[in-house]
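Scroll down for the structure; my scribbles are underneath it.
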Amino acid sequence: MSIFDKITDWMDRMTEASVRGVASTTGRRSFLARAGLGLVGAAVMPVLPFDRTFGGAGGMALAAAPDGDEFSCDYWRYCALDGNLCNSCGGTLTQCPPGSEVSKVSWVGTCRNPADGKDYLVSYNDCCGRAECDNAPFCNANQGERPGYRMGLHNDINWCMANASQGYHCTVAVLVGIAE
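Residue numbers 985 to 1164, in the numbering used here, belong to the letters of the sequence shown in order.
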């Protein structure tokens, strides 16, 4: 008998012993219950919040278009924004004000830039951790909004739910790509 045959024989015996041990301590019902739980968990996964920041609200390095007022709710990037403008609360168009942190989850809208006629994907990230900013305009544009069970396409949610501090402060609009 070769060394290879001895190793495979030993592996067969160990595998059989471990499988028999699991089978003797685990019933079919508990296996089916765990398998069912796994299937339900996999089915629920698409509706859970997801992180679109990839570690921050960096976004595309595109210059702000000079064709509109980014302090007005009519600015083209705000076509699906629902919240207070962070650039009126001490932040910028793409960065949260000091003392607040960007939400780990967000919603995305597709907005047309009138300057170049292209459609852009805009990530709307709530800034969390401070009291709501009262001196900023409240914008409520719902272009492309979907029902609440479509988490990534619904803007009426407190997106600070995934952060340690869940208090909503304001919202930034970060370009993440060009829509195709």
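The beta-carbon is built from N, C-alpha and C at its ideal position, and this holds for glycine as well.
Alpha-carbon to alpha-carbon, residue 1150 and residue 1056: The count along the sequence shown starts at 1 and reaches residue 1056 at position 72. The count along the sequence shown starts at 1 and reaches residue 1150 at position 166. Those two C-alpha atoms are separated by around 26 Å.
Close beta carbons around residue 1105, own chain, < 8 Å, minus the five adjacent residues each side: As a position in the sequence shown, residue 1105 is number 121, starting the count at 1. The answer, listed in chain order, is 1092, 1093, 1094, 1159, 1160, 1161, 1162, 1163.
Nearest neighbour of residue 1075, chosen from 1024, 1110, 1096 [CA to CA]: In the sequence shown, residue 1075 corresponds to position 91, counting from 1. Selected option, being the one with the closest Cα: 1110.
Distance between residue 1157 and residue 1088 (C-alpha atoms, nearest Å): On the sequence shown, residue 1088 is found 104 positions in, with the first residue counted as 1. On the sequence shown, residue 1157 is found 173 positions in, with the first residue counted as 1. If you take the alpha carbons of residue 1088 and residue 1157, they lie about 14 Å apart.
CA-to-CA distance, residue 1053 to residue 1059, given in whole angstroms: Your numbering for residue 1059 matches position 75 in the sequence shown. Your numbering for residue 1053 matches position 69 in the sequence shown. Roughly 6 Å separates the two Cα atoms.
Span separating the alpha-carbon of residue 1090 from that of residue 1018: Translated into positions along the sequence shown, residue 1090 becomes position 106. Translated into positions along the sequence shown, residue 1018 becomes position 34. C-alpha separation (whole angstroms): 32 Å.
CB-CB length for residue 1084 against residue 1114, believed under 8 Å: For this step, residue 1084 is matched to residue 100 along the sequence shown. For this step, residue 1114 is matched to residue 130 along the sequence shown. Correct: roughly 5 Å between the Cβ atoms.
Assigned exposure category for residue 1155 - 16 Cβ within 10 Å defines buried: As a first step, residue 1155 must be located in the sequence shown, where it is residue number 171. Residue 1155 comes out buried.
Euclidean distance between Cα positions of residue 1122 and residue 1152: Locating residue 1122 in the sequence shown gives position 138, where the first residue counts as 1. Locating residue 1152 in the sequence shown gives position 168, where the first residue counts as 1. Those two C-alpha atoms are separated by around 13 Å.
CA-to-CA distance, residue 1010 to residue 1062, given in whole angstroms: Residue numbering aside, residue 1062 sits at position 78 when the sequence shown is read from its first letter. Residue numbering aside, residue 1010 sits at position 26 when the sequence shown is read from its first letter. C-alpha separation (whole angstroms): 55 Å.
Pair within 9 Å by beta-carbon distance, residue 1108 and residue 1065: Here residue 1108 is taken as the residue at index 124 of the sequence shown, counted from 1. Here residue 1065 is taken as the residue at index 81 of the sequence shown, counted from 1. Yes, these two residues count as a Cβ contact at 9 Å.
Residue 1101 - containing beta strand (DSSP E), residue span: Reading the sequence shown from its first residue, position 117 is the one you call residue 1101. Looking at the DSSP string, residue 1101 is not in any beta strand (DSSP E), and its letter there is neither H nor E.
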